[in-house]
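Step one of this worksheet: look at the structure below.
Numbering (my numbering), first residue to last: 8 to 323.
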């Protein structure tokens, strides 16, 4: 028997042009065969083309979902990222088919560059809506992702405020060539944190004991953008508090600090979490918040603070 030769790489420009301009005419089976090619770049080009086809009509590629899931472990990082992109198109319409990929996709959330994690997150979003129970066993990884720091080479607004003019100018010069990419990476990092934090909300609703032992590890996320991830992290703590108020004792002081320092919407989540925790030590700070003349505080927030303080004082 003669040994079968590996698939020929696709004609990159031609196949991508066809996928971009006439995705309905692409030979999907031929592209899938290229996923066994020896060259990583060939596999990536095939996956990029398949992503275009999936974006056009997921029905054309759904039967090959298992092959795309296998490509998440391709070993060629760019191809793994492209595989996540294909799966993100399929997951919206056929979440059951992509479900087996959940553990690997969560593992990919903190991969570099952020584009890879962002694509994994986009794939996970519809899966979280359909199969939240599948995320419970991944609680530790999700906590790590929520707390994953920004790339130190990409300054935050707070970093810029601390810089003098000379340092700011040097930093801007350094980033000028990659400014657009840097902004995109920060936005993607925020998106990754959001899906991880939202996943923890679902996990803590179903299995609060899966998150409770690491509740102190959530503290940095209480004070780190984006606000959606901050709010979701607080909601996770609130879920744990409803199950076991004592479990959130280590973060009560941090929640109180949130009520004093963050924007109104985040303060409101923290106030509610303190109520669920029965944190009687928060009554006085909340009473002060309710009586504050700070013009940035809304009437609704101050009413919530007063009502929660009343509730907590009644617990003593």
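C-beta atoms are modelled at their ideal positions from N, C-alpha and C, and glycine is treated no differently.
If you measure between the beta carbons of residue 129 and residue 95, is that distance less than 8 Å?
Here residue 129 is near residue 95, since their CB atoms are less than 8 Å apart.
Selected residue, minimal CA-CA separation from residue 73, among 82, 97, 295:
Of the listed residues, the one whose Cα sits closest to residue 73 is 97.
Assigned secondary structure, residue 226 (DSSP; H/G/I helix, E/B strand, else coil)
Residue 226: helix per DSSP, three-state reduction.
Buried/exposed call for residue 272, threshold 16 Cβ in 10 Å
Flag for residue 272 reads exposed.
Selected residue, minimal CA-CA separation from residue 192, among 77, 166, 123
Out of 77, 166, 123, 123 has the C-alpha closest to the C-alpha of residue 192.
Determine the closest residue to residue 48 out of 205, 261, 230, 81, with distance taken between C-alpha atoms.
It is 81 whose Cα lies nearest to the Cα of residue 48.
As a quick exercise: from 46, 235, 250, pick the residue whose alpha carbon is nearest that of residue 84.
Across the set 46, 235, 250, the C-alpha of 46 shows the shortest separation from the C-alpha of residue 84.
Which of the three DSSP states, helix, strand or coil, is assigned to residue 119?
Coil, per DSSP.
Tell me the residue span of the alpha helix (DSSP H) that contains residue 58.
Residues 47–63.
Is it the case that the Cβ atoms of residue 239 and residue 207 are separated by a distance below 8 Å?
Cβ atoms of residue 239 and residue 207: closer than 8 Å.
Alpha helix (DSSP H) containing residue 304: first to last residue?
Per DSSP, residue 304 lies in no alpha helix (DSSP H) and is assigned neither H nor E.
Quick check on DSSP: helix, strand or coil for residue 24?
Note: residue 24 maps to helix in three-state DSSP.
Please classify residue 8 as buried or exposed, where buried requires at least 16 neighbouring CB atoms within 10 angstroms.
For residue 8, the pLDDT reaches just 45, beneath the cut-off of 50, and the residue's location in the model is therefore unreliable, leaving the point undetermined.
Return the chain-ordered list of same chain residues with a C-beta closer than 8 Å to the C-beta of residue 319, the five sequence neighbours on each side being excluded.
Only 281, 282, 285, 286, 287, 289, 290, 293 meet the Cβ criterion.
Run through DSSP, which three-state label would residue 218 get?
Secondary structure of residue 218 (DSSP, three-state): coil.
Pick helix, strand or coil for residue 285, following the three-state DSSP scheme.
Residue 285: coil per DSSP, three-state reduction.
Going by the CB atoms, is the gap between residue 243 and residue 196 shorter than 8 Å?
No.
Distance between residue 41 and residue 278 (C-alpha atoms, nearest Å):
A direct Cα-to-Cα measurement between residue 278 and residue 41 gives close to 55 Å.
Alpha helix (DSSP H) segment containing residue 254, residue limits:
Note, residue 254: premise wrong, no alpha helix (DSSP H); not H, not E.
Among 219, 202, 218, 69, which residue has its Cα nearest to the Cα of residue 236?
If you compare the alpha carbons of 219, 202, 218, 69 with that of residue 236, the shortest gap goes to 202.
Length of the line joining the Cα atoms of residue 216 and residue 200:
Each residue's Cα considered, the two are about 21 Å apart.
Give the DSSP-derived three-state secondary structure of residue 147 in the structure shown.
The answer is helix: DSSP assigns residue 147 an H, G or I state.
Which word fits residue 52, buried or exposed, when buried means at least 16 other C-beta atoms lie within 10 angstroms of its C-beta?
The residue in question, residue 52, is buried, as its Cβ has 16 or more Cβ neighbours within 10 Å.
Rounded Cβ spacing between residue 68 and residue 116 (contact assumed at less than 8 Å)
Contact doesn't hold; Cβ gap of about 23 Å is too wide.
Burial state of residue 213 (16 or more Cβ within 10 Å)
By the 10 Å Cβ count, residue 213 comes out exposed.
Run the CB neighbour count on residue 305, radius 10 Å, all protein chains shown included, and call it buried at 16 or more, exposed below.
Taking every protein chain shown into account, the CB of residue 305 has fewer than 16 other CB atoms within 10 angstroms, so this residue is exposed.
Rounded C-alpha distance that separates residue 125 from residue 114:
About 12 Å.
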